[in-house]
Every structure is written in C-alpha cells, then in structure tokens.
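What follows is a single structure, written as structure tokens, with notes after it.
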Amino acid sequence: MPLTELHHCSIRTEKLEETRDFYVDILGMEDGERPSFNFSGHWLYVEGKPVVHLVGIDPDNPDGLAEYLGEKGSNDTDGTGAIDHITFNSVDPEALIALLKKKNLPYRERKVPDLNLFQVFLEDPNGVTLEINYYGES
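Its first residue numbered 475, the sequence shown is counted upward by one per residue in our numbering.
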C-alpha cells in the first residue's frame, strides 16, 4: 500500500488568529469549513483541500487539548516538534517577495543547482519554517 500524497500538516499555536492571518494574507490560503471540535482552530485550504490545520492552545489551560492531542505541551521540541520545515509548490515568486517586502517580513532566497528550482524560505508567527518552491523560475 504505497503513499500517494501528504494530506495535511497540523500546527499547535497560542497565536491562533495571528497564525491564521499569516497563512491567509501572506500565502493566500482560504479559511474554510472545520469539524465542530470543542477547541479553537482553523482549517486552511489550497485548491479546495484543507492542507494546514491550526489547533489553538489556550495559554491559561494548555492541557485542554490533552484528550485530542495526547499529553504534549505547546512548546515541546521532541517528536513532531522536531520537524524542520513545511514545503509548498507555488507560482509567481515575484508576487510573494513583493508582499513580504511590503509587510517587512524577513525571508531568504535559494537556487537549487541542477533542478531549475528557486526557493523562498520564511517563518510563520510560531517560528515554523516554510519553504515555497518555484520550479522553472530560476
């Protein structure tokens, strides 16, 4: 039974609305339907698919999600906290770079030799590194 695609990633955050705004305003995702869980969050969509799930952590009660997420603190760096970055393919790197400059958000560029690949790296409000790939844009 081979894997066919990455379905979604989930980000735990105490900065729920700031994180939602970043993915919507900077990366162009759409905030869409989400099951009626008894904790706060957002499902963010790309081309009709919910690819980023945001899970709100209540800073006054970080244990409130233990039943759903298991016994993990919001700042754990073991296990999934050790994931280095999340990558999306995209088009029109100039538009993203212009927006990042306008919003005064730090980023770095990289060209990958032999792949005709241009990349932009940036961090979301939680420090999650995002890699945006632009094939054929080097």
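For each residue, glycine too, the CB sits at the ideal point set by N, CA and C.
Query: Nearest neighbour of residue 515, chosen from 522, 526, 598 [CA to CA]; Result: 526
Query: Distance, residue 589 Cα to residue 582 Cα; Result: 18 Å
Query: Three-state secondary structure (DSSP) of residue 531; Result: coil
Query: Cβ pair residue 485, residue 478 closer than 8 Å; Result: no
Query: Endpoints, beta strand (DSSP E) assigned at residue 596; Result: 591-597
Query: When 563, 580, 603 are compared against residue 610, the one with the closest alpha-carbon; Result: 563
Query: DSSP state of residue 608 mapped onto helix, strand, coil; Result: strand
Query: For residue 518, the three-state DSSP class (helix, strand or coil); Result: strand
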